[in-house]
Amino acid sequence: ELKVEQNPLFLSMQEGKNYTIYCNYSTTSDRLYWYRQDPGKSLESLFVLLSNGAVKQEGRLMASLDTKARLSTLHITAAVHDLSATYFCAVAWNRDDKIIFGKGTRLHILP
Amino acid sequence: DVKVTQSSRYLVKRTGEKVFLECVQDMDHENMFWYRQDPGLGLRLIYFSYDVKMKEKGDIPEGYSVSREKKERFSLILESASTNQTSMYLCASSLDQSPLHFGNGTRLTVT
């Protein structure tokens, strides 16, 4: 069974600081997604990571994938208040292609 | 831009009623998904479909069924609604390994 764990589940940080959100998963997968959700809104795609060692960057966010360790990270550089949101990772299970989400990391950036 | 439309934004139903949640996508995507989102639990996969008339169970299919008679439409059916099915329901579609595109969600309350 595919399990996806994110940590931390809640993060409060100061503007200007760096931090990393971790996403671990339990079985073989070579496809991982990161999404952002603002309060009252639906999910918006941030990154798709399709191979071991993949790294994607957009602005202050950078995502990476290590399929051997079954780990993805979402790194935030010099956080700004606009990045406050809930971030989800989602993993596609190789066995039957179901896509399973983590519980989300609620990020609160203090001005 | 891909548009995923869920027929209702808010829905209130009584216990025991049969409930239909409709989802339509306009980009000829093969893959469609139904999730429910609850605080602290993230998104949980109910059912998904990779083609017309095909369906696969997700992690929490009990109490639900689905129908996909046309490629663009994926319906979620609550055979006999119960209060523990009060939740936000999110429909999504995708093509191959592309990210999921989500609808705006249906907030269902069962009284």
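The listed protein sequences derive, respectively, from chains R and C.
Under the working numbering, residue 113 is the last one in the first sequence; the count climbs by one each step, no gaps.
Under the working numbering, residue 99 is the last one in the second sequence; the count climbs by one each step, no gaps.
For glycine and all other residues, C-beta sits at the position ideal for the given N, C-alpha and C.
With distance defined between alpha-carbon atoms, name the residue in R:R72, R:I102, R:H83 and R:W95 nearest to Y24 of chain R. Taking the first sequence and counting its residues from 1, one reaches residue 24 of chain R at position 22. Checking every option, the nearest Cα to that of Y24 of chain R belongs to R:R72.
To the nearest angstrom, how far is it from the Cα of Y37 of chain R to the Cα of L112 of chain R? Here the question's residue 37 of chain R lines up with position 35 in the first sequence. Here the question's residue 112 of chain R lines up with position 110 in the first sequence. Rounded to the nearest angstrom, the two C-alpha atoms are 21 Å apart.
Can you name the residues that DSSP bridges to L13 of chain R? Taking the first residue of the first sequence as position 1, residue 13 of chain R is located at position 11. BP columns for L13 of chain R point to R:L109.
Can you tell me where the beta strand (DSSP E) with W36 of chain R in it begins and where it stops? Here residue 36 of chain R refers to the residue found at position 34 when the first sequence is read from its first residue. That run of the beta strand (DSSP E) goes L34 to Q39.
Going by alpha carbons, who is nearest to K(-9) of chain C out of C:L96, C:T99, C:E44 and C:N92? If you number the second sequence from 1, residue -9 of chain C lands on position 3. The candidate whose alpha carbon is nearest that of K(-9) of chain C is C:N92.
Is the CB-CB distance between A80 of chain C and V7 of chain C below 9 Å? Sequence index remark: in the second sequence, residue 80 of chain C carries index 92 (1-based). Sequence index remark: in the second sequence, residue 7 of chain C carries index 19 (1-based). Cβ atoms of A80 of chain C and V7 of chain C: not closer than 9 Å.
When you compare only the Cα positions, how much space is there between K43 of chain C and S47 of chain R? Along the second sequence, one-based indexing puts residue 43 of chain C at 55. Along the first sequence, one-based indexing puts residue 47 of chain R at 45. Between K43 of chain C and S47 of chain R, the C-alpha separation is close to 24 Å.
State the DSSP-derived secondary structure class of D84 of chain R, mapped to helix, strand or coil. Taking the first residue of the first sequence as 1, we reach residue 84 of chain R at position 82. Residue state, collapsed to three classes: helix.
Chain R contacts from the segment 81 to 99 of chain C (Cβ-Cβ distance under 9 Å): S82, Q85, S86, P87, L88, H89, F90, G91, N92 and G93
Does chain C have any CB closer than 9 Å to the CB of I101 of chain R? Within the first sequence, the letter at position 99 stands for residue 101 of chain R. Cβ-Cβ to chain C under 9 Å: yes for I101 of chain R.
7 Å CB neighbourhood of H17 of chain C in its chain, flanking five on each side removed: One-based indexing of the second sequence puts residue 17 of chain C at position 29. Only S81, S82 and L83 meet the Cβ criterion.
Could you confirm whether any beta carbon from chain C is found closer than 9 Å to the beta carbon of K58 of chain R? Taking the first residue of the first sequence as 1, we reach residue 58 of chain R at position 56. No, because no Cβ of chain C sits closer than 9 Å to the Cβ of K58 of chain R.
Is the beta carbon of L13 of chain R less than 9 Å from the beta carbon of H83 of chain R? Here residue 13 of chain R refers to the residue found at position 11 of the first sequence. Here residue 83 of chain R refers to the residue found at position 81 of the first sequence. No. Outside cutoff.
Closest to L31 of chain C by CA distance: which of R:A92, R:S31, R:D32 and R:N26 is it? For the purposes of this step, residue 31 of chain C is taken as the residue at position 43 of the second sequence. The candidate whose alpha carbon is nearest that of L31 of chain C is R:A92.
Residues of its chain near V57 of chain R, where Cβ-Cβ distance is below 6 Å and the 5 sequence neighbours each way are ignored: Along the first sequence, one-based indexing puts residue 57 of chain R at 55. Contacts found: S66.
Return the CA-CA distance between I101 of chain R and M15 of chain R, expressed in angstroms with no decimal places. Translated into the one-based positions of the first sequence, residue 101 of chain R becomes position 99. Translated into the one-based positions of the first sequence, residue 15 of chain R becomes position 13. Rounded to the nearest angstrom, the two C-alpha atoms are 30 Å apart.
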